[in-house]
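Novice: Per the numbering used here, the very first residue in the sequence shown carries number 219; after that it's consecutive. Below are the structure tokens for one structure; questions will follow.
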Amino acid sequence: PKDAIVEFEGTRIYRSSNQITDLVKGLTFDLKQESTATDSVKVTQDTSGVKDKINALIKSYNDAISDLGILTGEKNTKDKTDVYSGSLQGDSMARSMRGVLSGLFTRFSSTPSGGIRALSDIGVEMTRTGTLQLNEPKFDAALAATPTQIATMLTADKENKSYVGDGSRGLIGDAIKQLNQMISSSGTINTLTKNNNTQLTKYKDEL
219 PKDAIVEFEG TRIYRSSNQI TDLVKGLTFD LKQESTATDS VKVTQDTSGV
269 KDKINALIKS YNDAISDLGI LTGEKNTKDK TDVYSGSLQG DSMARSMRGV
319 LSGLFTRFSS TPSGGIRALS DIGVEMTRTG TLQLNEPKFD AALAATPTQI
369 ATMLTADKEN KSYVGDGSRG LIGDAIKQLN QMISSSGTIN TLTKNNNTQL
419 TKYKDEL
């Protein structure tokens, strides 16, 4: 078998395979046939779908904040089938979770890049009611001008992250780690559930 021979930016490159993956990071050259012609390769970033994912994150956050508001708020006396509203009213741990969630998505990233340090720098804004909303013109402008900085701020440029240890994982990676801890067997959610089940059993015994 013959080696593949490519002249790349004036330098002759020899490789044992027709698929060359180490010339440009993230790019694979798949050589199909011999040619003496000079070809230009234009690489552009695919940012399609990024806004959809950011909007999905905003929706999930707002849904969680809404649910916590219902659980810790007033009992819905107009609907006798509503067993959820007010069920955690007065529970300090449940109320504190709202602040924890807010902190996850309003703090600075552990891996800021350039002037991109937080979601607010790309147009994700906190409203007066505590929900998130997307400033689309600001987001579109930031994505067009600084896509690599946004990726670093959000993910620390790591696709497959471990959530063990103290390494920086970007804003979203750090948030996922903290959320995983919250829903672990010894985390806030299960602790809250166990405490309330214990209290419920006590009330049943007293009744």
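From the three backbone atoms N, C-alpha and C, an ideal C-beta is built for every residue, glycine too.
Could you pull the DSSP bridge partners for Tyr232 from this structure?
Specialist: Indexing the sequence shown from 1 puts residue 232 at position 14. Paired residue(s): Ile223.
Novice: From Ile276 to Ser328, what distance separates their C-alpha atoms?
Specialist: Here residue 276 corresponds to residue number 58 of the sequence shown, with the count starting at 1. Here residue 328 corresponds to residue number 110 of the sequence shown, with the count starting at 1. Roughly 20 Å separates the two Cα atoms.
Novice: If you count every other CB in all the chains shown that lies within 10 Å of the CB of Leu425, and 16 or more means buried, which is it?
Specialist: Locating residue 425 in the sequence shown gives position 207, where the first residue counts as 1. Exposed, since its Cβ has fewer than 16 Cβ neighbours within 10 Å.
Novice: Alpha carbon to alpha carbon, how far is Val242 from Arg335? Give it in angstroms, no decimals.
Specialist: Along the sequence shown, one-based indexing puts residue 335 at 117. Along the sequence shown, one-based indexing puts residue 242 at 24. Whole-angstrom Cα-Cα distance: 27 Å.
Novice: Can you check DSSP and say which residues form a bridge with Asp309?
Specialist: One-based indexing of the sequence shown puts residue 309 at position 91. In the DSSP output, where bridge partners are listed per residue, Asp309 has none listed.
Novice: Assuming Met344 and Leu352 form a contact by the criterion Cβ under 8 Å, report the distance between their Cβ atoms to the nearest whole angstrom.
Specialist: The residue you call residue 344 lines up with position 126 of the sequence shown. The residue you call residue 352 lines up with position 134 of the sequence shown. In fact, because the Cβ distance is near 12 Å, the residues do not count as touching under 8 Å.
Novice: Taking the CB atoms as reference points, tell me whether Tyr279 and Leu306 lie closer together than 8 Å.
Specialist: Position 61 of the sequence shown holds residue 279. Position 88 of the sequence shown holds residue 306. Not in contact: Tyr279 and Leu306 (Cβ atoms no closer than 8 Å).
Novice: When the distance is taken between beta carbons, is Gly341 closer than 8 Å to Lys356?
Specialist: Numbered from 1 along the sequence shown, position 138 holds the residue referred to as residue 356. Numbered from 1 along the sequence shown, position 123 holds the residue referred to as residue 341. Closer than 8 Å, so yes.
Novice: Go ahead and pull the three-state DSSP assignment for Ser278.
Specialist: Indexing the sequence shown from 1 puts residue 278 at position 60. Note: Ser278 maps to helix in three-state DSSP.
Novice: Figure out for me which residue from Gln237, Gln396, Ser258, Lys376 has the closest Cα to the Cα of Asp248.
Specialist: Here residue 248 refers to the residue found at position 30 when the sequence shown is read from its first residue. Ranking Gln237, Gln396, Ser258, Lys376 by Cα distance to Asp248 puts Gln237 first.
Novice: On the DSSP bridge list, what partners appear for Ile238?
Specialist: Locating residue 238 in the sequence shown gives position 20, counting from the first residue. Answer is Phe247, bridged to Ile238.
Novice: Quick check on the burial criterion: 16 or more other C-beta atoms within 10 angstroms. Buried or exposed for Ile390?
Specialist: Working through the sequence shown from its first residue, we reach residue 390 at position 172. By the neighbour-count rule (16 or more Cβ atoms within 10 Å), Ile390 is buried.
Novice: Once the 5 residues before and after Thr364 are set aside, which same chain residues still bring their CB inside 7 Å of it?
Specialist: What you label residue 364 is simply residue 146 of the sequence shown in a count that begins at 1. Within the same chain, Thr364 has close Cβ partners Gly332, Ile334.
Novice: Just to confirm, is the Cβ distance from Gly388 to Met400 under 8 Å?
Specialist: For the purposes of this step, residue 388 is taken as the residue at position 170 of the sequence shown. For the purposes of this step, residue 400 is taken as the residue at position 182 of the sequence shown. Not a contact, by the Cβ cut-off of 8 Å.
Novice: Which word fits Met311, buried or exposed, when buried means at least 16 other C-beta atoms lie within 10 angstroms of its C-beta?
Specialist: Your numbering for residue 311 matches position 93 in the sequence shown. Label assigned to Met311: exposed.
Novice: Kindly list the residues whose CB is nearer than 7 Å to the CB of Thr265, restricted to its own chain and excluding five residues on each side of it in sequence; keep chain order.
Specialist: In the sequence shown, residue 265 corresponds to position 47, counting from 1. Taken in chain order, the residues that qualify are Leu361, Pro365.
Novice: Taking the beta strand (DSSP E) that Gln351 belongs to, which residues open and close that run?
Specialist: The residue given as residue 351 occupies position 133 in the sequence shown. Looking at the DSSP string, the run of the beta strand (DSSP E) that includes Gln351 is 350-352.
Novice: Look up Glu377 in the DSSP assignment and say whether it is helix, strand or coil.
Specialist: Working through the sequence shown from its first residue, we reach residue 377 at position 159. Three-state result, Glu377: coil.
Novice: Cutting at 6 Å between CB atoms, please list the residues of its own chain near Asp392, excluding the five before and the five after it.
Specialist: Looking up residue 392 in the sequence shown gives position 174. The answer, listed in chain order, is Ser328.
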